[in-house]
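Colleague:
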Amino acid sequence: MKRWLSKAETTLGNHSDRLNAINIFPVADGDTGTNLYLTARAAARAADPAQPDVGAVLAQAGQAAMEQARGNSGTLFAVFLCAAAEPLAGHTRISSPLLAAALNRAQLRAWSALSDPVPGTMLSVMEAAARAVAAVDSAHDGDDSNQTLGLALDAAVEAALAAVVHTEDQLAALHAAHVVDAGGVGMLLILDCLRSAVLGEELQSELLDGLHGYDVQDPHIHVGMPRDDGVELMCTISLSPLDAAMMRQRLDEMGDSVIMSQVGGAVDAAGHYRWRVHVHVLDAEPAVALIRSLGEPTDISVSELALPRDPETEAAVTAAAVAPVLAAETRNPDGYAR
Numbered sequence: 001m002k003r004w005l006s007k008a009e010t011t012l013g014n015h016s017d018r019l020n021a022i023n024i025f026p027v028a029d030g031d032t033g034t035n036l037y038l039t040a041r042a043a044a045r046a047a048d049p050a051q052p053d054v055g056a057v058l059a060q061a062g063q064a065a066m067e068q069a070r071g072n073s074g075t076l077f078a079v080f081l082c083a084a085a086e087p088l089a090g091h092t093r094i095s096s097p098l099l100a101a102a103l104n105r106a107q108l109r110a111w112s113a114l115s116d117p118v119p120g121t122m123l124s125v126m127e128a129a130a131r132a133v134a135a136v137d138s139a140h141d142g143d144d145s146n147q148t149l150g151l152a153l154d155a156a157v158e159a160a161l162a163a164v165v166h167t168e169d170q171l172a173a174l175h176a177a178h179v180v181d182a183g184g185v186g187m188l189l190i191l192d193c194l195r196s197a198v199l200g201e202e203l204q205s206e207l208l209d210g211l212h213g214y215d216v217q218d219p220h221i222h223v224g225m226p227r228d229d230g231v232e233l234m235c236t237i238s239l240s241p242l243d244a245a246m247m248r249q250r251l252d253e254m255g256d257s258v259i260m261s262q263v264g265g266a267v268d269a270a271g272h273y274r275w276r277v278h279v280h281v282l283d284a285e286p287a288v289a290l291i292r293s294l295g296e297p298t299d300i301s302v303s304e305l306a307l308p309r310d311p312e313t314e315a316a317v318t319a320a321a322v323a324p325v326l327a328a329e330t331r332n333p334d335g336y337a338r
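Take our numbering: the final residue in the sequence shown is number 338, and no numbers are missing along the way.
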């Protein structure tokens, strides 16, 4: 698990510029690659390789990722990790049945975290991978051998790739721009990193060949898109289930891209859970006032959705963000050289 998350961190870092270039949904802000990389970095650095419990490793990594998640894609990936950890708790190795349970829990939790989930995104890629692994597990009657696990991982990546290709036809914005979904590609990379880490094989260098918009010579698609007004607001807050439901409803009225998910499963003395909150709003002030009226938020961040549209500026920002991991590599280890 530690090797998987470290590999995902490096791979997403290497691919951040291309992922940013095709990021036009839900807003064309060109930051999906950077957000996924930074979230994966938080997860990888929190994972304890000395911990023998697979679920405990992922739970620890997922909670760190949730606390430091960036953007829609990073938040959903953090939700994915936290949920996948639950069926794996108490186990020291992964098997096909456990992988099927973990991926199914993860995709269900990710879909439910969004107030208005949309097919044609990384959610569809998660779902496709989960269904493929479940089919392999069912066909082999719950066999927990390493051989069946390998078949399940192969099926997960193959299904994820097909789902990524299909995103272009599922969302009008992607179809018009002739690109696939950036978050979906990021999830495909993450799943191939899992396959590589578990099976001890190289990443599949041909996996991304032919994906629309993903060749290095392709332009930064989002640069030509209309600029998006408003801000992205994120925070962590302790709320009762009732107040959490109220907050979700009110944020849905104020903005969109509302994601709310529990951070860990602990309940405090007042019966409150900790929640990670994400929303896009035109004005942060009313949303922050609403949040403060229900509790004491921490880790509040507000960022403009309309980022600079100069690809050279964006590339410099991305390079600064991913420099720590790239500097640690003496070669491109992910097999996805572009």
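Glycine residues also receive a C-beta, built at the ideal position from the N, C-alpha and C atoms.
Unbroken beta strand (DSSP E) runs of length 3 or more, entirely within the stretch 52 to 102: which are they?
Modeller: Complete beta strand (DSSP E) runs here, min 3: none at all.
Colleague: Helix, strand or coil for I291? Go by DSSP, reduced to three states.
Modeller: For the purposes of this step, residue 291 is taken as residue 291 along the sequence shown, with counting starting at 1. Of the three classes helix, strand and coil, the one that applies to I291 here is helix, per DSSP.
Colleague: Nearest CA to the CA of E285: which residue from A47, M254, D17?
Modeller: Numbered from its first residue, the sequence shown carries residue 285 at position 285. Ranking the options by Cα distance to E285, first place goes to M254.
Colleague: Per DSSP, which one or two residues make a beta bridge with C235?
Modeller: Locating residue 235 in the sequence shown gives position 235, counting from the first residue. Per DSSP, V277.
Colleague: Going by DSSP, which residues form a beta bridge with D256?
Modeller: Your numbering for residue 256 matches position 256 in the sequence shown. Beta-bridge pairing links D256 to H280.
Colleague: Who are the Cβ neighbours of F80 in its own chain at under 6 angstroms, not counting the five residues just before and after it?
Modeller: In the sequence shown, residue 80 corresponds to position 80, counting from 1. Excluding positions up to five away in sequence, the list reads A106, A110.
Colleague: For L98, I'd like the list of residues in its chain whose CB is within less than 7 angstroms of its CB, leaving aside the five on either flank, ordered along the chain.
Modeller: Taking the sequence shown and counting its residues from 1, the one referred to as residue 98 is at position 98. Hits under 7 angstroms: P87, L88, H91.
Colleague: With a threshold of 8 angstroms on Cβ separation, who are the neighbours of A287 within its own chain once the five nearest residues in sequence on each side are excluded?
Modeller: Looking up residue 287 in the sequence shown gives position 287. Around A287: L233, L251, M254, G255, V279, V281.
Colleague: Could you tell me the boundaries of the alpha helix (DSSP H) in which V165 lies?
Modeller: As a working mapping, residue 165 is identified with position 165 in the sequence shown. Unbroken alpha helix (DSSP H) run through V165: 146 to 170.
Colleague: In the DSSP output, which residue or residues are listed as bridge partners for E304?
Modeller: Taking the sequence shown and counting its residues from 1, the one referred to as residue 304 is at position 304. Beta-bridge pairing links E304 to V231.
Colleague: Between the stretch 150 to 157 and the stretch 108 to 126, do three or more beta carbon pairs fall short of 8 angstroms?
Modeller: No, because fewer than three Cβ pairs between the stretch 150 to 157 and the stretch 108 to 126 fall closer than 8 angstroms, the two stretches do not touch.
Colleague: Is the CB-CB distance between L36 and G74 below 9 angstroms?
Modeller: Counting from one through the sequence shown, the residue named residue 36 turns up at place 36. Counting from one through the sequence shown, the residue named residue 74 turns up at place 74. Contact flag set, yes.
Colleague: So, is P308 buried or exposed, given that buried needs 16 or more other C-beta atoms within 10 angstroms?
Modeller: Here residue 308 is taken as the residue at index 308 of the sequence shown, counted from 1. Because P308 carries a pLDDT of 49, less than 50, the predicted location of this residue cannot be relied on, and the following value inherits that uncertainty. Its Cβ having fewer than 16 others within 10 Å, P308 is exposed.
Colleague: Give me whichever residues DSSP pairs with T298 in a beta bridge.
Modeller: Taking the first residue of the sequence shown as position 1, residue 298 is located at position 298. Looking at the DSSP assignment, T298 forms a beta bridge with T236.
Colleague: What span of residues does the alpha helix (DSSP H) with S6 cover, start to end?
Modeller: By one-based count along the sequence shown, residue 6 stands at place 6. Residues 2 to 21.
Colleague: For A135, I'd like the list of residues in its chain whose CB is within less than 8 angstroms of its CB, leaving aside the five on either flank, ordered along the chain.
Modeller: If you number the sequence shown from 1, residue 135 lands on position 135. Answer for A135: A155, listed in chain order.
Colleague: Are R3 and A197 closer than 9 angstroms when you measure CB to CB?
Modeller: Counting from one through the sequence shown, the residue named residue 3 turns up at place 3. Counting from one through the sequence shown, the residue named residue 197 turns up at place 197. A contact, by the Cβ cut-off of 9 angstroms.
Colleague: Quick check: A182 and I300, are their CB atoms within less than 9 angstroms of each other?
Modeller: Looking up residue 182 in the sequence shown gives position 182. Looking up residue 300 in the sequence shown gives position 300. No, they are not a contact pair.
Colleague: Which one or two residues does DSSP pair with Q262 in a beta bridge?
Modeller: Locating residue 262 in the sequence shown gives position 262, counting from the first residue. In DSSP, Q262 forms a bridge with W275.
Colleague: Taking the alpha-carbon of D29 as reference, which of A40, T39, D17 has the nearest alpha-carbon?
Modeller: Residue numbering aside, residue 29 sits at position 29 when the sequence shown is read from its first letter. Per the Cα distances, D17.
Colleague: What do you reckon, are the CB atoms on W275 and V263 nearer than 9 angstroms?
Modeller: Residue numbering aside, residue 275 sits at position 275 when the sequence shown is read from its first letter. Residue numbering aside, residue 263 sits at position 263 when the sequence shown is read from its first letter. It is a contact, given that the beta carbons lie within the stated cut-off.
Colleague: At the level of alpha carbons, what is the spacing between R195 and L203?
Modeller: Translated into positions along the sequence shown, residue 195 becomes position 195. Translated into positions along the sequence shown, residue 203 becomes position 203. So the alpha carbons of these two residues sit roughly 8 angstroms apart.
Colleague: Indicate whether I22 and G213 have their beta-carbon atoms separated by less than 9 angstroms.
Modeller: Counted from its first residue, the sequence shown places residue 22 at position 22. Counted from its first residue, the sequence shown places residue 213 at position 213. In this structure, G213 lies closer than 9 angstroms to I22 by Cβ.
Colleague: When DSSP labels each residue in this structure, what does L203 get in the three-state scheme?
Modeller: In the sequence shown, counting from the first residue as 1, residue 203 sits at position 203. Coil, per DSSP.
Colleague: Rounded to the nearest angstrom, what separates L208 and G184 at their Cα positions?
Modeller: Residue numbering aside, residue 208 sits at position 208 when the sequence shown is read from its first letter. Residue numbering aside, residue 184 sits at position 184 when the sequence shown is read from its first letter. For L208 and G184, the distance between alpha carbons rounds to 12 angstroms.
Colleague: Are the CB atoms of V54 and D48 nearer to each other than 9 angstroms?
Modeller: Here the question's residue 54 lines up with position 54 in the sequence shown. Here the question's residue 48 lines up with position 48 in the sequence shown. Not a contact, by the Cβ cut-off of 9 angstroms.
Colleague: With distances taken Cα to Cα, identify the nearest neighbour of S6 among G33, T39, T32, T34.
Modeller: By 1-based counting over the sequence shown, the position of residue 6 is 6. Out of G33, T39, T32, T34, T39 has the C-alpha closest to the C-alpha of S6.
Colleague: When burial is assigned at 16 or more other CB atoms within 10 Å of the CB, is R70 buried or exposed?
Modeller: The residue labelled residue 70 in the question sits at position 70 within the sequence shown. Its Cβ being crowded by 16 or more others within 10 Å, R70 is buried.
Colleague: Taking the alpha-carbon positions, what's the L358 to S124 distance?
Modeller: Residue 358 cannot be examined here, being either before or after the span of the chain that is shown, 1 to 338.
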